[in-house]
Amino acid sequence: MSDKLKDAKIIFVVGGPGSGKGTQCEKVVAKYGYTHLSSGDLLRAEVGSGSERGKQLSAIMQRGELVPLDTVLDMIKEAMIAKADVSKGYLIDGYPREVKQGEEFEKKIGAPSLLLYIDAKAETMVSRLMKRGETSGRADDNEETIKKRLDLYYKATEPVIAFYEGRGIVRKIDSEGAVDVVFSNVAKAIDGLK
Ligand SMILES: Nc1ccn([C@@H]2O[C@H](COP(=O)(O)OP(=O)(O)OP(=O)(O)O)[C@@H](O)[C@H]2O)c(=O)n1
Ligand SMILES: Nc1nc2c(ncn2[C@@H]2O[C@H](COP(=O)(O)OP(=O)(O)O)[C@@H](O)[C@H]2O)c(=O)[nH]1
Ligand SMILES: [Mg+2]
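Throughout the sequence shown, residue numbering follows the UniProt record's numbering, covering 1 to 194 in sequence.
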């Protein structure tokens, strides 16, 4: 565990691609002042830098596969430490993607006090992503990659939710409705934290 992050309040935000994780995290930042770290955004920033590592990441992400665990975890940890003095807590969005990622996070950083499970139907997620793809400029918001991301989500990431359910920290949030309705339930889950 890292000293600087020893007492940090950590919330994992987990859900399928296009379920609305990023949308809800923005609203949590506005209301609670938490630090939002999207693992996907951190990776896209590395790709955008044009570095050698970014080029390798770009190819993996375009295929909808997972980048090596250590790469993502180091990026998250670095970003958390950079905010440690001012942060009220952290929203870790899009991580863990597989049980092993969660285990390593806990070894190197700390344990989450809550897992927000943002839940939407597959068809809802696909249609949101296709719509987002019209303007996002994301290389992975296309029909073929969306399908792979969804498959991987059900195979690798859903077990993460079951893993943390065993600890009683999962709050399932129905994300089929309007953004504000979803957020009122997210807020209830966070208010329940002490
Ligand atoms: N812990 C993570 C997070 C992201 N990725 C890679 O980054 C891509 C995009 O991640 P993200 O932005 O989190 O996308 P989605 O989960 O698909 O959801 P969304 O963009 O809709 O938030 C993933 O498909 C994957 O290739 C990864 O390998 N490991
Ligand atoms: N109708 C509706 N659309 C949403 C909701 N949440 C997100 N969206 C849309 O779905 C798309 C994916 O949302 P995003 O927050 O990027 O999801 P993420 O992939 O889980 O981070 C975006 O274009 C949002 O505008 C919601 O609660 N209701
Ligand atoms: Mg997102």
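Beta carbons: idealized from backbone N, C-alpha and C, even for Gly.
Values in this document were obtained by computation on a predicted structure and should not be read as measured data.
Between residue i and residue j, is the Cβ-Cβ spacing less than 8 Å?
i, j, result
"residue 93", "residue 39", "yes"
"residue 66", "residue 5", "no"
"residue 10", "residue 90", "yes"
"residue 77", "residue 109", "yes"
"residue 189", "residue 114", "yes"
"residue 183", "residue 96", "no"
"residue 18", "residue 128", "yes"
"residue 46", "residue 57", "yes"
"residue 61", "residue 140", "yes"
"residue 170", "residue 146", "no"
"residue 149", "residue 64", "yes"
"residue 35", "residue 83", "yes"
"residue 205", "residue 100", "This structure leaves residue 205 out entirely; the chain is present only between 1 and 194."
"residue 102", "residue 160", "yes"
Hey, how far is the Cα of residue i from the Cα of residue j?
i, j, result
"residue 80", "residue 74", "10 Å"
"residue 112", "residue 3", "16 Å"
"residue 180", "residue 105", "31 Å"
"residue 134", "residue 7", "41 Å"
"residue 44", "residue 16", "18 Å"
"residue 98", "residue 42", "18 Å"
"residue 154", "residue 162", "12 Å"
"residue 144", "residue 59", "14 Å"
"residue 1", "residue 107", "At residue 1 the pLDDT is 48, less than 50, meaning the model places this residue with poor confidence; the figure from the coordinates comes in the next sentence. C-alpha separation (whole angstroms): 6 Å."
"residue 185", "residue 54", "36 Å"
"residue 123", "residue 130", "11 Å"
"residue 121", "residue 71", "30 Å"
Quick check on the burial criterion: 16 or more other C-beta atoms within 10 angstroms. Buried or exposed for residue i?
i, result
"residue 193", "exposed"
"residue 216", "Residue 216 is absent from the model: the chain starts at 1 and stops at 194."
"residue 176", "exposed"
"residue 25", "buried"
"residue 14", "buried"
"residue 86", "exposed"
Just grab the DSSP bridge partners of residue i for me.
i, result
"residue 43", "Its beta-bridge partners do not exist; DSSP assigns none."
"residue 198", "The chain is shown only over 1 to 194; residue 198 falls outside these bounds and no answer can be derived."
"residue 15", "118"
"residue 35", "90"
"residue 173", "118"
"residue 10", "90"
Can you give me the start and stop residues for the alpha helix (DSSP H) that residue i sits inside?
i, result
"residue 103", "99-108"
"residue 79", "69-83"
"residue 191", "179-191"
"residue 53", "52-62"
"residue 143", "143-152"
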